[in-house]
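Trainee:
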Amino acid sequence: MSFLFLVLLLGCLCSFVLPDAQGDALYALKLSLNASSNQLTDWNVNQVNPCTWSRVNCDQSNNVIQVSLALMGLTGTLTPRIGVLKNLTALSLQGNAITGNIPKELGNLTNLGRLDLENNRLTGQIPSSLGNLIKLQFLTLSQNNLNGTIPESLGNLPSLINVMLDSNDLSGEIPEQLFKVTKYNFSGNKLNCGVNYPHPCASSNTDQGSPHKVKVGLIVGIIMGLIVILFLVGLLYFWCKNKHKGYKREIFVDVAGEVDRRIPFGQLKRFAWRELQIATDNFSEKNVLGQGGFGKVYKGVLADNTKVAVKRLTDYESPGGDAAFQREVEMISVAVHRNLLRLIGFCTTPTERLLVYPFMQNLSVAYRLRELKPGEPVLDWPTRKRVALGTARGLEYLHEHCNPKIIHRDVKAANVLLDEDFEAVVGDFGLAKLVDVRKTNVTTQVRGTMGHIAPEYLSTGKSSERTDVFGYGIMLLELVTGQRAIDFSRLEEEDDVLLLDHVKKLEREKRLDAIVDRNLNKNYNIQEVEMMIQVALLCTQATPEDRPLMSEVVRMLEGEGLAERWEEWQHVEVNRRQEYERLQRRFDWGEDSVYNQDAIELSGGR
0 MSFLFLVLLL
10 GCLCSFVLPD
20 AQGDALYALK
30 LSLNASSNQL
40 TDWNVNQVNP
50 CTWSRVNCDQ
60 SNNVIQVSLA
70 LMGLTGTLTP
80 RIGVLKNLTA
90 LSLQGNAITG
100 NIPKELGNLT
110 NLGRLDLENN
120 RLTGQIPSSL
130 GNLIKLQFLT
140 LSQNNLNGTI
150 PESLGNLPSL
160 INVMLDSNDL
170 SGEIPEQLFK
180 VTKYNFSGNK
190 LNCGVNYPHP
200 CASSNTDQGS
210 PHKVKVGLIV
220 GIIMGLIVIL
230 FLVGLLYFWC
240 KNKHKGYKRE
250 IFVDVAGEVD
260 RRIPFGQLKR
270 FAWRELQIAT
280 DNFSEKNVLG
290 QGGFGKVYKG
300 VLADNTKVAV
310 KRLTDYESPG
320 GDAAFQREVE
330 MISVAVHRNL
340 LRLIGFCTTP
350 TERLLVYPFM
360 QNLSVAYRLR
370 ELKPGEPVLD
380 WPTRKRVALG
390 TARGLEYLHE
400 HCNPKIIHRD
410 VKAANVLLDE
420 DFEAVVGDFG
430 LAKLVDVRKT
440 NVTTQVRGTM
450 GHIAPEYLST
460 GKSSERTDVF
470 GYGIMLLELV
480 TGQRAIDFSR
490 LEEEDDVLLL
500 DHVKKLEREK
510 RLDAIVDRNL
520 NKNYNIQEVE
530 MMIQVALLCT
540 QATPEDRPLM
550 SEVVRMLEGE
560 GLAERWEEWQ
570 HVEVNRRQEY
580 ERLQRRFDWG
590 EDSVYNQDAI
600 ELSGGR
């Protein structure tokens with residue numbers, strides 16, 4: 000009898016000890032991730048059982064099996080104590096700003112089926128202990144700063160069907176077995192895949208799960224579709240019923256400073272006009288952060304002291320454009336990448352369209368290059384290199400990973416912002432279509448900034464991803480020189496108003512040091528300067544088809560394929576100059592020639 004009592008007592012103790020150890024581990028995770036005072040408030044160290052906590056799921060035995068902390072803006076690091084959660088099947092921490100290494104203790108979570116750490120700021124190597132996760136099916140470590148090689152142990156994971164390691168700084172050999180996984184992506188690294196290798200860097204298979212999961216997804220989709228149809232029928236009935244009572248409900252319109260919060264819209268916040276009016280001090284000129292082809296940007300402070308940037312779109316005239324505006328805003332909101340500015344909300348009235356973004360405390364690259372206040376630090380060369388690569392990765396994502404692809408149309412240093420770590424964040428993307436949806440008789444409208452507009456866009460009004468590549472090339476020249484794309488003050492010393500022509504001339508004369516921003520005080524690597532100038536000139540070729548794709552630009556900045564492409568470009572340039580000189584001798588033209596006229600004509604109508 001006493002033996003039976005002892006067994007029961009031990010069982011009871013175990014039932015208390017297990018949740019307590021799990022709770023301690025989760026609370027340690029909360030602390031290490033620097034959760035704010037209004038986040039995870041129910042994660043209380045004094046509560047023994049964490050199964051009652053938000054974002055935590057448990058099984059019937061009170062074992063923690065799922066933890067989801069995605070898109071919470073968490074910083075800090077991952078605590079090794081997370082390895083205590085031996086029954087965990089899913090860990091989702093994507094879309095935060097987590098730094099530090101991936102703890103090797105994650106290899107203790109042998110029941111883990113899904114690990115998602117995408118779009119953070121993790122550094123260091125991928126721990127080989129992840130090879131212990133024999134039940135792991137989905138491994139997503141994309142868009143971090145991970146380096147080193149991919150552990151061989153990952154190739155031995157028996158259950159793996161989806162591995163995403165793209166947009167890191169990995170190098171070396173990819174374990175051969177990983178190419179047999181149903182879906183993989185290793186692009187944006189320095190690995191043995193892609194051009195000149197037997198395997199592509201990304202699989203073409205879009206199936207993300209097993210047939211069973213596909214069937215479940217199909218069933219869920221059908222059910223959700225029926226729910227949506229029923230909701231729409233009810234909404235139509237409600238509208239018809241109230242139509243005769245003089246009640247008119249404008250969906251997606253903020254009237255008289257109020258907002259209809261019954262209409263859901265994903266994760267975006269719908270702001271009232273009055274709320275943003277107060278935040279920006281009635282859109283005071285003293286709060287203007289900048290102005291571009293799509294309108295002014297104002298600094299604002301919300302009621303909870305959150306700093307925001309409010310983009311007030313110009314030229315929005317159509318009263319029937321709400322549906323199109325909604326589609327475009329939704330498209331912008333789902334473009335999530337560490338090098339893209341995240342849209343957090345919007346506001347609409349019958350005459351206004353406003354977008355709300357997080358405020359970037361280090362402002363823009365243009366500000367850091369040319370508008371610094373006394374005592375503020377100059378952008379050093381390593382930071383400029385990082386900005387160049389980060390911007391390229393952001394544009395690559397818009398062009399090649401968004402469906403439909405997004406064309407920026409106004410790539411320039413003023414539209415590349417800098418976060419608290421001076422990482423590049425591309426802003427203003429998707430705005431061209433937002434503004435142009437009101438035009439019913441024009442396919443597109445030329446929008447952009449003088450000196451950054453590609454010649455074919457200026458002459459035809461038609462843009463493509465190669466239009467953005469041209470603007471990116473000019474932005475690279477801004478990074479190297481610190482100068483504006485057009486500067487009439489150069490007329491005092493030379494004929495080149497356009498920065499592109501100025502750099503081309505100095506590059507031909509091999510005067511690279513004369514190109515570099517004097518504020519760097521010669522603290523730069525001349526070989527890296529030469530590489531960046533070469534990439535910029537390849538991006539700004541007159542013919543769109545001759546320009547590289549942004550994915551190719553990323554690879555060239557990472558040191559792959561630039562030499563061959565540059566040699567080919569130089570050969571074409573030499574032939575072109577020889578033809579020009581032949582014509583010059585034949586017709587005895589002077590300095591004001593067709594060769595120089597090209598640049599003048601392209602800049603004349605901007």
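If you're matching positions, the sequence shown starts at 0 in numbering that gives the first Met the number 0 and goes up one per residue.
Glycine is no exception: its CB is placed at the ideal position from the N, C-alpha and C atoms.
Checking 7 angstroms against the spacing of the C-beta atoms, do residue 340 and residue 356 come in under that value?
Mentor: In contact: residue 340 and residue 356 (Cβ atoms closer than 7 angstroms).
Trainee: Taking residue 423 and residue 365 to be in contact with their CB atoms under 8 angstroms, please state how far apart those CB atoms are, rounded to whole angstroms.
Mentor: 12 angstroms between Cβ atoms; not a contact.
Trainee: I think residue 74 touches residue 99, with their Cβ atoms under 8 angstroms apart; what is that distance to the nearest whole Å?
Mentor: Their Cβ separation, rounded to whole angstroms, is 10 angstroms, which puts residue 74 and residue 99 out of contact at 8 angstroms.
Trainee: If you reduce the DSSP assignment to three classes, tell me which class residue 64 lands in.
Mentor: strand
Trainee: From what residue to what residue does the beta strand (DSSP E) around residue 273 run?
Mentor: For residue 273, there is no enclosing beta strand (DSSP E); the enclosing alpha helix (DSSP H) has its first and last residue at 272 to 278.
Trainee: Answer with buried or exposed for residue 410, where buried requires no fewer than 16 other C-beta atoms within 10 angstroms of its C-beta.
Mentor: buried
Trainee: Could you give the DSSP three-state label for residue 184: helix, strand or coil?
Mentor: Residue 184 sits in a strand when the DSSP states are folded into three classes.
Trainee: Name the DSSP beta bridge partners of residue 290, please?
Mentor: 295
Trainee: For residue 165, I'd like the list of residues in its chain whose CB is within less than 8 angstroms of its CB, leaving aside the five on either flank, ordered along the chain.
Mentor: 141, 142, 184, 185, 186, 187, 188, 200 and 201
Trainee: Between residue 169 and residue 190, is the Cβ-Cβ spacing less than 7 angstroms?
Mentor: yes
Trainee: Considering only the alpha carbon of each residue, which of 286, 302, 301 and 303 lies closest to residue 295?
Mentor: 286
Trainee: Compare the Cα-Cα distances from residue 120 to each of 146, 352, 113 and 449 and report the closest residue.
Mentor: Checking every option, the nearest Cα to that of residue 120 belongs to 146.
Trainee: Please name the residue in 573, 153 and 512 whose C-alpha comes closest to that of residue 608.
Mentor: No information on residue 608 is available, as it lies outside the stretch 0 to 605 that the chain covers here.
Trainee: According to DSSP, is residue 542 part of a helix, a strand, or is it coil?
Mentor: If DSSP states are grouped into helix, strand and coil, residue 542 belongs with coil.
Trainee: Tell me where the alpha helix (DSSP H) around residue 89 begins and ends.
Mentor: Taken as a continuous stretch (DSSP letters only), residue 89 belongs to no alpha helix (DSSP H), being part of the beta strand (DSSP E) at 89 to 91.
Trainee: Would DSSP call residue 606 helix, strand or coil?
Mentor: Residue 606 cannot be examined here, being either before or after the span of the chain that is shown, 0 to 605.
Trainee: Report the three-state DSSP secondary structure of residue 333 (helix, strand or coil).
Mentor: coil
Trainee: Helix, strand or coil for residue 140, going by three-state DSSP, please let me know.
Mentor: coil
Trainee: Exposed or buried, what is residue 487 when buried is set at 16 or more other beta-carbons lying within 10 Å of its beta-carbon?
Mentor: exposed
Trainee: With a threshold of 6 angstroms (Cβ to nearest heavy atom), would residue 133 be considered close to the ligand HEM?
Mentor: Inclusion of the ligand HEM in the displayed structure is not the case, the ligand content being empty and no account of it being possible.
Trainee: Identify, in the order they occur along the chain, each residue of the same chain with its Cβ nearer than 6 angstroms to the Cβ of residue 337, setting aside the five sequence neighbours on each side.
Mentor: 118 and 142
Trainee: Quick one: Cα of residue 561 to Cα of residue 38, how far?
Mentor: 47 angstroms
Trainee: Opposite residue 311 in the DSSP bridges: which residues?
Mentor: 295 and 353
Trainee: Out of 506, 472 and 408, state which residue places its alpha-carbon closest to the alpha-carbon of residue 460.
Mentor: 408
Trainee: Helix, strand or coil for residue 414? Go by DSSP, reduced to three states.
Mentor: Helix at residue 414.
Trainee: Please classify residue 507 as buried or exposed, where buried requires at least 16 neighbouring CB atoms within 10 angstroms.
Mentor: exposed
Trainee: Secondary structure at residue 57, three-state DSSP: helix, strand or coil?
Mentor: Shown here, residue 57 sits in a strand according to DSSP, grouped into three states.
Trainee: Name the two residues that bound the continuous alpha helix (DSSP H) containing residue 469.
Mentor: 464 to 480
Trainee: Bridge partners of residue 114, per DSSP?
Mentor: 90 and 138
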